[in-house]
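The listed protein sequences derive, respectively, from chains D, E, F and U.
At position 42 of the first sequence the residue is numbered 165 (our numbering), and the sequence of numbers has no breaks.
At position 37 of the second sequence the residue is numbered 160 (our numbering), and the sequence of numbers has no breaks.
At position 117 of the third sequence the residue is numbered 143 (our numbering), and the sequence of numbers has no breaks.
At position 70 of the fourth sequence the residue is numbered 96 (our numbering), and the sequence of numbers has no breaks.
C-beta: ideal position from N, C-alpha, C; glycine also.
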Amino acid sequence: MKSKLLSAKEAVEKVKDGDAIMVGGFLAGGHPEHLVNALLETNSAKDLTVISNDTGTKDLSIFQLVKSGRVKRIFASYIGSNPETGRLMMSGEAEVKLFPQGTLAEKIRSGGAGLGGVLTPVGLGTIVEEGKEKLEIQGKEYLLEMPLKANVAFIKADKADEAGNLIIRGSSRNFNIVMATAADYVIAEVNEIVPIGEIEPNHVNVPGVLVNAIVKVG
Amino acid sequence: MKSKLLSAKEAVEKVKDGDAIMVGGFLAGGHPEHLVNALLETNSAKDLTVISNDTGTKDLSIFQLVKSGRVKRIFASYIGSNPETGRLMMSGEAEVKLFPQGTLAEKIRSGGAGLGGVLTPVGLGTIVEEGKEKLEIQGKEYLLEMPLKANVAFIKADKADEAGNLIIRGSSRNFNIVMATAADYVIAEVNEIVPIGEIEPNHVNVPGVLVNAIVKVG
Amino acid sequence: MDKRELIAKRIAKELKDGDVVNLGIGMPTMVANYIPEDVHVMLEAENGIMGVGPNASQEEESLNCIDAGGNYVTTVKGASYFDSAFSFSLIRGGHVDVTVLGALEVDEEGNVANWMIPGKKVPGMGGAMDLVVGAKKVILAMEHVSKNGAPKILRRCRLPLTATKVAKTIVTDMAVIDVVPNKGLVLKEIAPGFTLEDVQNQTEAHLIVSPNLKVMEV
Amino acid sequence: MDKRELIAKRIAKELKDGDVVNLGIGMPTMVANYIPEDVHVMLEAENGIMGVGPNASQEEESLNCIDAGGNYVTTVKGASYFDSAFSFSLIRGGHVDVTVLGALEVDEEGNVANWMIPGKKVPGMGGAMDLVVGAKKVILAMEHVSKNGAPKILRRCRLPLTATKVAKTIVTDMAVIDVVPNKGLVLKEIAPGFTLEDVQNQTEAHLIVSPNLKVMEV
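Structure below.
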């Protein structure tokens with residue numbers, strides 16, 4: 124089988140004009156800093172859609188990506204830590220769609236799981252419900268939220284084996300696992316790579332079959 | 124805090140007439156054999172609804188439960204390994220509802236996650252769609268499947284700490300994790316109990332807050 | 027006593043042994059400092075930790091263990107980690123007993139506004155909408171009036187809502203108020219140094235005085 | 027050569043290096059024995075294993091490592107375990123490249139019936155409906171005619187369907203047939219010893235003969 128071990132530059136070549144990219148992480152936790160940097164420095168794709176919980180903080184590469192003028196749409200749940208996203212939203216330079224955090228996670232999971240969307244009570248009676256279908260099920264009302272998919276996902280893990288099986292420790296799992304299921308091409312930034320067979324099957328957080336490229340950092 | 128360590132007899136006392144119970148396991152793998160036995164031997168609750176992937180094989184206690192005359196409804200995906208379920212279905216002694224395996228898992232997850240149901244393409248154009256609503260979403264058709272919850276869940280794990288954090292090894296995870304989220308009272312049958320703090324937080328498959336009772340076997 | 031300290035201390039008394047509790051950023055986080063010794067709660071961070079402990083010392087700091095505010099934290103014995111989809115299944119599914127959040131406005135129906143000020147501040151809702159809809163009990167930690175002295179407890183919220191009919195208890199520097207469905211706001215406790223008139227004067231909403239009105243004790 | 031062996035051997039040639047493959051119970055499982063040495067596939071068991079290996083020896087037998095048929099199995103290097111909800115996210119979400127299943131009937135539209143015979147056999151669909159809808163390629167492993175000599179490749183299925191328009195390739199002891207959407211059944215290969223007439227005589231459906239018709243090689 125073809126090796127999945129690539130340089131950051133090689134891996135991010137997959138991103139093309141108009142692509143939707145998912146970026147894992149919750150603030151700095153589990154954020155694929157080096158992949159986003161490589162995208163900024165070695166790839167000029169524009170008109171991007173970025174799907175990310177919070178679009179990071181000003182210390183992270185995703186802040187620079189948002190600021191680069193190459194992003195036309197952002198799907199997120201919290202942008203208070205990245206004032207640049209707020210500015211783009213206010214000025215209309217980018218379309219920014221905000222979703223409740225659990226809804227965002229579930230929309231991505233739904234996309235990756237071949238489901239038709241999410242039926243959630245969250246957002247009812249708020250501006251989140253605007254333009255969305257509502258369904259009454261067993262006497263309760265739910266909002267229908269569409270599934271989300273992407274062309275490329277940038278995710279972060281602690282350890283990978285050469286088959287792409289990933290271990291993501293602690294609170295860094297956040298959006299990285301669902302995003303690995305919901306993109307056509309999944310790139311994992313990892314701190315450590317071990318031979319196949321060295322990760323205990325019970326401890327795998329993302330099965331290698333979901334991972335297309337492994338990029339080692341540090 | 125009150126101890127969660129109970130005998131099987133004490134734990135299954137929670138099951139009352141008319142209750143819906145979920146039983147984890149895939150055939151003999153991850154099946155809470157001793158809890159079901161305790162239900163048979165020490166509790167006389169009847170008119171039960173049983174939610175289980177396959178209602179087991181004739182070597183398992185769930186086979187006896189199905190045969191006991193105390194079960195009026197069964198939700199399952201596969202009953203070929205338990206001819207007694209098939210007999211009840213044919214004779215009309217129990218209502219047996221069959222769902223695609225992925226749909227059943229997702230219905231239970233949906234119930235546990237506070238979602239309004241499942242939108243799946245699986246079952247379209249088959250008798251599974253009978254009596255169910257269909258939705259067109261982004262040009263594709265989906266079946267709306269209702270969430271499932273239960274009064275009590277019987278699940279099986281390898282190891283618990285005294286707080287109820289569970290480790291479930293190998294292919295025994297199957298329905299045990301989603302069922303732990305979808306019942307009012309969750310009983311875990313475990314092979315081993317260790318003090319709190321002895322399970323590495325990264326290896327927990329079911330957080331202890333979901334588990335109401337721990338029953339040690341063997 | 028500092029206003030915020032008073033509020034946090036009073037809220038700490040609302041927590042029961044065994045509760046699963048999510049504390050919002052800011053004042054709600056302070057609640058953790060005042061939980062009685064005989065009350066053991068599990069603090070949950072919606073980015074993926076059950077069992078958050080005190081902040082990490084500099085040597086312990088790890089990006090794999092941050093809370094929802096991005097702070098480096100430790101975990102307690104019996105902690106576990108999970109991804110965002112599972113975390114919000116716990117939250118939305120009713121597996122969190124108490125959530126404590128700040129609020130910009132609350133009203134007689136228990137409607138809450140805490141995530142945006144149109145034209146001014148649009149940080150996104152993060153996990154707040156999921157938390158107030160999903161948690162069994164929503165406690166609002168808020169100063170009784172705004173910095174300009176304007177009431178924040180209103181007849182009807184004017185800012186965009188976070189959710190409708192979700193607040194259960196409002197704890198301010200002046201009072202403890204329960205939201206009773208189909209009835210309104212019941213004033214239960216008044217902070218030392220204030221009169222009933224003081225409280226009503228600073229409150230736009232109508233307050234129903236509890237027959238057991240007490241002085242707030244912390 | 028035994029009919030079943032012929033079918034399994036021929037199907038093994040359809041698998042590509044890197045494929046994720048789910049093999050159904052019975053004849054499909056035999057395919058694993060004939061996969062060429064230079065083709066590395068990951069066998070998935072829908073009850074929660076990625077990377078199923080050969081059957082376990084008696085000493086290795088563990089209820090924590092069974093396949094979807096309930097057999098004790100081993101795992102290969104690079105394997106991982108997951109629960110049923112995640113497993114069917116992989117399946118329904120299009121992360122399985124090939125599924126090989128038996129069928130009672132298949133028709134010109136690629137409709138498949140393989141899960142029940144009304145009034146006779148209602149074992150439940152198990153994971154079959156999810157697999158045929160979700161897998162990128164559905165290969166049917168079936169004897170060309172029933173035990174009574176009745177055709178199983180029909181104009182229109184008569185038994186209750188498993189799913190509509192899903193079969194891609196049909197491999198029998200007489201032929202290899204592709205289902206081409208909006209066109210019909212294209213006969214690609216005929217097993218040694220049979221003529222085109224033999225095959226058409228045993229097939230109710232109309233067969234379009236491929237311009238590249240070949241002898242089936244295994």
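Query	Result
Length at least 4, wholly inside the region 201 to 282 of chain D: the alpha helix (DSSP H) runs in chain order	206 to 214 and 224 to 235
Beta strand (DSSP E) runs contained entirely in the region 30 to 74 of chain U, provided each spans 3 or more residues	46 to 49 and 68 to 71
S115/F: CB within 7 Å of a non-hydrogen atom of the ligand COA	With respect to the ligand COA, the structure offers nothing, as it holds no ligand at all.
Cβ neighbours of E230/F in the same chain (closer than 8 Å, five flanking residues each side left out)	P177, I179, L180 and R181
Beta-bridge partners of N81/U, as assigned by DSSP	V99/U
Residues of the region 59 to 89 of chain F whose Cβ lies closer than 8 Å to any Cβ of chain D, in chain order	A71, E72, N73, G74, I75, S88 and L89
N- and C-terminal bounds of the alpha helix (DSSP H) containing K137/E	Looking at the DSSP string, K137/E is not in any alpha helix (DSSP H), and its letter there is neither H nor E.
Assigned exposure category for H232/F - 16 Cβ within 10 Å defines buried	exposed
Supposed contact pair G219/U and I234/U - C-beta distance, whole angstroms, cut 8 Å	Not quite, the Cβ-Cβ distance comes to about 22 Å (not below 8 Å), so this is no contact.
Proximal residues, the region 150 to 173 of chain F versus chain D, C-beta separation under 7 Å	G150, M151, G152, G153, M155, D156 and V159
Start and end residues, beta strand (DSSP E) containing A154/U	That residue, A154/U, is in no beta strand (DSSP E); its alpha helix (DSSP H) goes A154 to G160.
Cβ pair F186/D, N205/D closer than 8 Å	yes
Residue environment, E243/F, which counts as buried when at least 16 other CB atoms sit within 10 Å	exposed
Simplified DSSP state of P177/U, which is helix, strand or coil	strand
For I165/F, the first and last residue of its enclosing beta strand (DSSP E)	K163 to A167
Environment of N245/U [buried if 16+ CB atoms lie within 10 Å]	One cannot answer for residue 245/U here, as it falls past the ends of chain U, which runs 27 to 244.
Reduced DSSP category for D284/D - H, G, I as helix; E, B as strand; rest coil	strand
Exposure label - Q224/D; buried when at least 16 CB within 10 Å	buried
Terminal residues of the beta strand (DSSP E) in which F198/D lies	V194 to A199
Pairwise C-alpha distance: P318/E and N288/E	10 Å
Residue closest to L187/F, alpha-carbon to alpha-carbon, out of T249/D, I316/D, K282/D and I310/D	T249/D
Boundaries of the beta strand (DSSP E) in which T304/D is found, first to last residue	Counting along the chain, T304/D falls outside any beta strand (DSSP E), though it belongs to the alpha helix (DSSP H) covering N299 to T304.
Status (buried if at least 16 other CB within 10 Å, exposed otherwise) for E321/E	exposed
Alpha-carbon spacing of T101/U relative to Y201/D, whole angstroms	41 Å
Cβ contact check for the region 91 to 108 of chain U and the region 59 to 72 of chain U: 3 or more pairs under 8 Å	yes
DSSP three-state assignment for A161/E, whether helix, strand or coil	helix
Chain U contacts made by the region 322 to 341 of chain D, where a contact means CB separation under 7 Å	P324, N325, V327, P330, G331, V332 and L333
Exposure label - M155/U; buried when at least 16 CB within 10 Å	buried
Chain F within 8 Å of I278/D, Cβ atoms only	no
Backbone CA spacing between H121/F and K272/D [nearest angstrom]	28 Å
Paired residues, beta bridge with F149/D - DSSP	G152/D
Any chain U beta carbon closer than 8 Å to N288/D	yes
Contact with chain F by I310/E, beta-carbon distance below 8 Å	no
Contact under 8 Å by Cβ, T301/D with S110/F	First, the residue type needs correcting, since residue 301/D is Val and not Thr in the sequence shown. A contact, by the Cβ cut-off of 8 Å.
Alpha carbon of K240/F to alpha carbon of V219/E, nearest angstrom	56 Å
Cβ separation of G239/D and L258/E, assumed to be a contact under 8 Å, to the nearest whole Å	7 Å
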